[in-house]
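Note that this note's numbering has the sequence shown beginning at -17, numbered continuously upward. These notes are about the structure you will find just below.
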Amino acid sequence: MKKRTSSAFSEAIHIMSIAKFLQKSTYQHDISHIKDSLTKDPFQRNDQDIQSLYEFIYVYNYVQRLKSKYSDQFVKEICRYLYYKQVSQNTIINTHKTVFLVLSGRVIVTYYDDNDDGEIQNNQKSIQQELTFGMSFNDYGLSENKKCHVRVIRPTEFACLDFKIFNEINSNQRSNDTYEKQKFLKSLSFFSIFSDVEIKYFSYHMEQSIVQKNSFIYQEDDESIEFCYFIGRGEMEIYKQNNQRKQFCLTKLLQGEFFGEDGLFQLNKRQFSAKCSQENTLLYRISLLEFDKRIWKKEQRKCLFELLNQKWIYRFQRFQELTQTNLDKEILSQQIKNLSQKLIQDEQIKIDFEYINNQNQIQTTSTQEQFITASWLLKSANQAQQILQNFKQKTQTKDEIKQITSVSPKHQQQLERIKAKQKNTKNNFSNRQSIIKTNQSPYRMSSFHNKGQGKVTSNMNYLKLFSQETERLNLEQQLTQYLEKLGINNENLQEIQKKSGSATDRYEKDNQFYQTMATYAQFQLYKNLNLQESKSQHTKNLEEEYQQLVQDQQTNIKKAFDQLTTRKSDNMIRKEFFLNKLKKMNKRLKILELIQKGQLECKATQMVNEEGEIVDIDEPIKPDDAYDIVDGKKVRKFNFVTSEIFEQFEKNKYHDFKQQIDQQKQKIQVIKEIVSGKLPISAANDDYQQNQNRTKPSNSFRPSSSVKQVIPFYILQQKQQSNSYKQQQANYQASSLISTRLKM
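This is the structure:
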C-alpha cells in the first residue's frame, strides 16, 4: 500500500509540474505578444494594439469595475497609456500613485486600515493576500482603495498606470461627456428657450449611465421619485401591473424622450415601471427638484404639462384596453385632479395682473376637471395681447383721460376749451397726415421678418416656439407654397398689401394670419418633442386646425388678388413722389459736399444737376418728367402732387459750392417737413424763407427789404442777436466804468 501511495503521489506531482510548465509557457506566449504593445510609445500604438490590450486586460476584475463605473471608451483610453514594468524577487514595491496589474509572477500584498496620520502602525489590523495573474492592487478610481505594502516573492511583470494619467483621462472624459450632454439637450426643442448658461447648468447636474437589456430603472410603487430621465440612446418600455401582479407593456420610448415625471404631480409613489429593451441604452438622470426649479418661469412649462397630461391619459386608456377593467378610472381621475391643480398654480402666478375674469375661468375649469387645449392657449394669448395693448394706450394718454370732475369749478370751463382745442388740432394733424402717409401694410406672408412694421411687433411671440432658424424658414416656405403655384411674386404681394379690402377686412386677415402662425408653432412644438404618446387625438386636432386655417388663409389671398385694382391711390402717388425727390436731393447734397472737400473734381464748365450727376453747363436741356414736347416745343406739365406748374431747374453759373450746399439743405428740410405733416404740400413750390415765416411767430425778427435774399433767415437772426449782445456788453462796461470813477 505504501509503495502504491508513494508512486501515485509522485505521479501527481509530476503531472502538476507539467501543467504548471504548460501554463507558464502559454502565459509567456501571451505576455510576449502584449509586451510588444506595452513597450511602445503611447502615441505610436495603433488601433490593433489598443484592441489587443483591451481584450487581454478585460479579464481583470479592476478593469471590469472601471468599465461599469465610467465607460467602455474610458477603458480603451487607459490601454493607450499602460506601460510595462518588471520587478525581481524579494523586492519591496513603492505603490505611490501607480496602479499595478499582475501579468506574471507572484506578490504578497498586505492591506492596512487608513490612519488619521497616514502612517502604518504595528498594532493596526492587516489583511495579507497573495496575488497572481488576473489580479491587481492599489486600485485607483474606486471607493475601496486602501493602503498596502507589497513584496515580490517571484520575478513578476506588471502593466502599470500612473494616477496622473488616470486623472487626465477622467477629466477629458468628463469634458467630453459634458459636451455630449449639452449637444443632446440642444437637440431637444423643449430646451431651445433656455440659454447656454442654463443648458450648461442642466448638463452639470445630469448623471450619465449605461443600462443593459431587461434591467429595470424603477418599478411600480417605488417611493424613490426624485429623479427623471432622458433617453440619449436606445429604447425603454413602460409597464403597469394589474391586481394579479401581471405586467402589461403600455408604450415604448425612443431616443430624446422623457420619463419618470411622477414627482412633478406631487405623488408619493411610482405609477409605472420602466424597463430597458435594448442593449447599452444611454440614460441621463437629473433631479426633479433641479429640473422643476429651472423651468417654472419658462413659457413652455405649460406645454410640457399638457404633453404629460396626454401621455398619462394615453397610458391609462391603454391599460384599460389591455386589462379590460374599469379599475383605473379612479386613478385617472386622481391624476387629472393633481395635474389640473398644478397647472392652476402655475397660471395664477402669471395672470394675476390681468383681470379677475381669468381667475374665475380657471376655477371653473378646475371644478370640471378639464384640460387646457391649443385653442384655449391661443384664446388666452389673444386676450393677454389685447389687455397689454389697452394698458399701453391708457398709460400713454393718461393725461388726457383725467376726469374733469376732479378739477375745481372755477377752471372747469377753461379746461374744456383747452381740451376741445387740442382735439381740433389733433384732427387737423391727422387729416394732414392721411394725405401724406400711405395705407398700412395689411397682409404679408413674410411679414415676420420686418420687425418694425405696425402689428408685426406685437405678434412676434409665436416665433419663440421655434428652436432653429431653419424651422422659421420652413414655416415661410409652407405658407407661401400656394402663392408660388399661382405665380405671384413679392411685388404683387406688396401691391395687395395696399389695395385689398377695407381696414376691417385687413384687420381680420391679420388676425387669421397670426392665428395660423401660432397654431402651426404649437403643432411643431408637439411634433419636435419626439414623444410617441403625444401622437394622440390632441395633436391630430392641432394638425387639423392648422390645415383648416391655412386653407382659409389661401382662399383669402385668392379673393384679394381677384379684387386687385390696377391704379394707385392718390396718397401712394404723393408719397412716392416726395420720397423719390428726397433721395435725389440727398444724393446731390453728398456730391456737393465731396466737391467742397476736394474729393471730387468739378470743372468751371461743369455743374451738379438735380440727379446728383456732374455734367457740362453748355449741354442741351433734355426733356424730363416736368416737360412735354408739343409741336416741337417744350411745355411745362401740370404737377398733380403740388397742384402747381413745375419750375425749371436752373443751371447755376457760379462755383460757390458752400452756397449750393446751404440751399440744398434748406430744400431737404422743406420736403422733410412736408412728409412729416408740419407744412402743407403747396410749400414745395415756395421759397425756404416763406416756409420759415409760416412757422415763426409774428413778433420774431424779420429782415428788411434791403437785405439780399441769398442770406438765409436764421443767419440774419444770429447776427441780430450777436449785435444786441455786443451793445449790451458795451453799455455794461460803460456803466461799470462810470461807477468806479464816482467811487474814486
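Ideal placement from N, C-alpha and C gives every residue a C-beta, glycine not left out.
Alpha carbon to alpha carbon, how far is Gln529 from Arg47? Give it in angstroms, no decimals.
On the sequence shown, residue 47 is found 65 positions in, with the first residue counted as 1. On the sequence shown, residue 529 is found 547 positions in, with the first residue counted as 1. Each residue's alpha carbon lies about 55 angstroms from the other.
Residue range of the alpha helix (DSSP H) that includes Glu655
By 1-based counting over the sequence shown, the position of residue 655 is 673. Segment 639 to 658, the alpha helix (DSSP H) holding Glu655.
Please go through the same chain and pick out, in chain order, the residues whose beta-carbon is closer than 7 angstroms to the beta-carbon of Gln110, but skip the five residues on each side of it.
For the purposes of this step, residue 110 is taken as the residue at position 128 of the sequence shown. Cβ neighbours of Gln110 beyond the five flanking positions: Ile90, Thr92.
List the DSSP bridge partners of His131.
Numbered from 1 along the sequence shown, position 149 holds the residue referred to as residue 131. DSSP output for His131 lists Thr92 as bridge partner(s).
What first and last residue would you give for the alpha helix (DSSP H) that runs through Ser51?
Here residue 51 corresponds to residue number 69 of the sequence shown, with the count starting at 1. At residue 51 the sequence reads Lys, which differs from the Ser that was named. Element bounds for Lys51: 43 to 51.
Which value, in whole angstroms, describes the spacing of the CA atoms of Lys284 and Arg276?
Against the sequence shown, residue 284 aligns to sequence position 302. Against the sequence shown, residue 276 aligns to sequence position 294. Taking the straight line joining both Cα atoms gives about 14 angstroms.
Residues in its own chain within less than 6 angstroms of Glu451 by CB, not counting five upstream and five downstream?
Along the sequence shown, read from residue 1 onward, the residue named residue 451 stands at position 469. Unreliable positioning characterises Glu451 in this predicted model, as indicated by a pLDDT of 49, which lies under 50. A coordinate reading is not provided.
Does the distance from the CB of Phe209 to the CB of Leu270 come in under 8 angstroms?
Mapped onto the sequence shown, residue 209 falls at position 227. Mapped onto the sequence shown, residue 270 falls at position 288. In this structure, Leu270 lies closer than 8 angstroms to Phe209 by Cβ.
Range of the contiguous alpha helix (DSSP H) that encloses Ser169:
If you number the sequence shown from 1, residue 169 lands on position 187. Residues 145 to 169.
Using beta-carbon positions only, say whether Tyr65 and Leu113 come within less than 8 angstroms of one another.
Locating residue 65 in the sequence shown gives position 83, counting from the first residue. Locating residue 113 in the sequence shown gives position 131, counting from the first residue. Contact flag unset, no.
If you draw a straight line from the C-alpha of Arg156 to the C-alpha of Asn225, how long is it?
Residue 156 sits at position 174 when you count from the first residue of the sequence shown. Residue 225 sits at position 243 when you count from the first residue of the sequence shown. Cα-Cα distance, rounded: 45 angstroms.
Can you list the alpha helix (DSSP H) stretches of 4 or more residues lying completely in the segment 234 to 284, in chain order?
270 to 277
Name the one or two DSSP bridge partners that Val57 has.
Within the sequence shown, numbered from 1, the residue matching residue 57 stands at position 75. The partner list for Val57 (beta bridge, DSSP) is empty, contrary to what the question assumes.
Three-state class that DSSP yields for Asp204 in the structure shown:
Here residue 204 refers to the residue found at position 222 when the sequence shown is read from its first residue. It is coil, neither helix nor strand.
Rounded to the nearest angstrom, what separates Gln415 and Lys660 at their Cα positions?
Against the sequence shown, residue 415 aligns to sequence position 433. Against the sequence shown, residue 660 aligns to sequence position 678. Interpretation of Gln415 is limited by its pLDDT of 38, a score under 50 that renders its predicted location unreliable; the figure taken from the coordinates is listed afterwards. So the two alpha carbons sit approximately 9 angstroms from each other.
For Leu290, the three-state DSSP class (helix, strand or coil)
On the sequence shown, position 308 is the one that residue 290 refers to. Note: Leu290 maps to helix in three-state DSSP.
Quick test of your reading: Glu202 and Ser259, contact by CB under 8 angstroms. State the CB separation rounded to the nearest angstrom.
Within the sequence shown, the letter at position 220 stands for residue 202. Within the sequence shown, the letter at position 277 stands for residue 259. Going by Cβ atoms, the distance from Glu202 to Ser259 rounds to 17 angstroms, so no, they are not a contact pair.
Excluding sequence positions up to five away, which residues of its chain have a Cβ less than 7 angstroms from the Cβ of Leu576?
Taking the first residue of the sequence shown as 1, we reach residue 576 at position 594. Same-chain partners within the cutoff: Leu582.
Since Lys251 and Asp204 should fall inside the 8 angstroms C-beta cutoff, what is the C-beta to C-beta distance between them, to a whole number of angstroms?
Taking the sequence shown and counting its residues from 1, the one referred to as residue 251 is at position 269. Taking the sequence shown and counting its residues from 1, the one referred to as residue 204 is at position 222. So it is a contact: roughly 7 angstroms between Cβ atoms.
Where does Lys585 fall in DSSP's three states?
Taking the sequence shown and counting its residues from 1, the one referred to as residue 585 is at position 603. Lys585: coil per DSSP, three-state reduction.
Taking the beta carbon of Asn262 as the centre, do at least 16 other beta carbons fall within 10 Å, making it buried, or is it exposed?
Looking up residue 262 in the sequence shown gives position 280. Result: exposed.
Helix, strand or coil for Val179? Go by DSSP, reduced to three states.
Residue 179 sits at position 197 when you count from the first residue of the sequence shown. Looking at Val179 - three-state DSSP - the assignment turns out to be helix.
Could you check where the alpha helix (DSSP H) with Lys66 kicks off and where it finishes?
Working through the sequence shown from its first residue, we reach residue 66 at position 84. According to the sequence shown, residue 66 is Tyr rather than Lys. Careful: Tyr66 lies outside any alpha helix (DSSP H), inside the beta strand (DSSP E) at 65 to 69.
Nearest residue (CA-CA) to Ile213, options Gln646, Gln190, Asp178, Glu180:
Taking the sequence shown and counting its residues from 1, one reaches residue 213 at position 231. Nearest of Gln646, Gln190, Asp178, Glu180 to Ile213, Cα basis: Gln190.
Rounded to whole angstroms, what's the CA-CA distance from Lys640 to Lys647? Just pull it up for me.
Counting from one through the sequence shown, the residue named residue 640 turns up at place 658. Counting from one through the sequence shown, the residue named residue 647 turns up at place 665. Distance between the alpha carbons of Lys640 and Lys647 is about 11 angstroms.
Under 8 angstroms: do the segment 174 to 190 and the segment 124 to 138 share three or more Cβ pairs, one atom per stretch?
no
Would you identify the three-state DSSP class for Ser191, choosing helix, strand or coil?
Residue 191 sits at position 209 when you count from the first residue of the sequence shown. In this structure, Ser191 counts as strand in the three-state DSSP scheme.
State the DSSP-derived secondary structure class of Lys79, mapped to helix, strand or coil.
Looking up residue 79 in the sequence shown gives position 97. Coil.
Based on the DSSP output, what are the partners of Ile74 in its beta bridges?
For the purposes of this step, residue 74 is identified with residue 92 of the sequence shown, where counting begins at 1. Its beta-bridge partners are Arg133.
Where does the unbroken alpha helix (DSSP H) through Asp31 begin, and where does it stop?
On the sequence shown, residue 31 is found 49 positions in, with the first residue counted as 1. Its alpha helix (DSSP H) spans residues 29 to 39.
Which word fits Ile207, buried or exposed, when buried means at least 16 other C-beta atoms lie within 10 angstroms of its C-beta?
Taking the first residue of the sequence shown as 1, we reach residue 207 at position 225. When all chains shown are included, Ile207 counts as buried.
Roughly how many angstroms separate the alpha carbons of Phe82 and Leu246, rounded to a whole number?
Working through the sequence shown from its first residue, we reach residue 82 at position 100. Working through the sequence shown from its first residue, we reach residue 246 at position 264. Answer to the nearest angstrom: the Cα atoms are 48 angstroms apart.
CB contact flag (Arg643, Leu571, <8 angstroms)
Stepping through the sequence shown from its first residue, residue 643 is reached at position 661. Stepping through the sequence shown from its first residue, residue 571 is reached at position 589. The residue asked about is misnamed: residue 643 is Ile in this sequence, not Arg. Closer than 8 angstroms, so yes.
Starting from the C-beta of Ile573, find all residues in its chain whose C-beta is less than 6 angstroms away, skip the five residues before and the five after it, and write them out in chain order.
Along the sequence shown, read from residue 1 onward, the residue named residue 573 stands at position 591. Same-chain partners within the cutoff: Val590, Gly594.
What is the C-beta distance between Tyr211 and Gly242, in whole angstroms, given that I count them as a contact (C-beta under 8 angstroms)?
Locating residue 211 in the sequence shown gives position 229, where the first residue counts as 1. Locating residue 242 in the sequence shown gives position 260, where the first residue counts as 1. With 8 angstroms as the limit, Tyr211 and Gly242 qualify as a contact, their Cβ atoms being about 5 angstroms apart.
Cutoff 6 angstroms; reference Ile650; Cβ partners in own chain excluding five residues on either side:
In the sequence shown, counting from the first residue as 1, residue 650 sits at position 668. Around Ile650: Met567.
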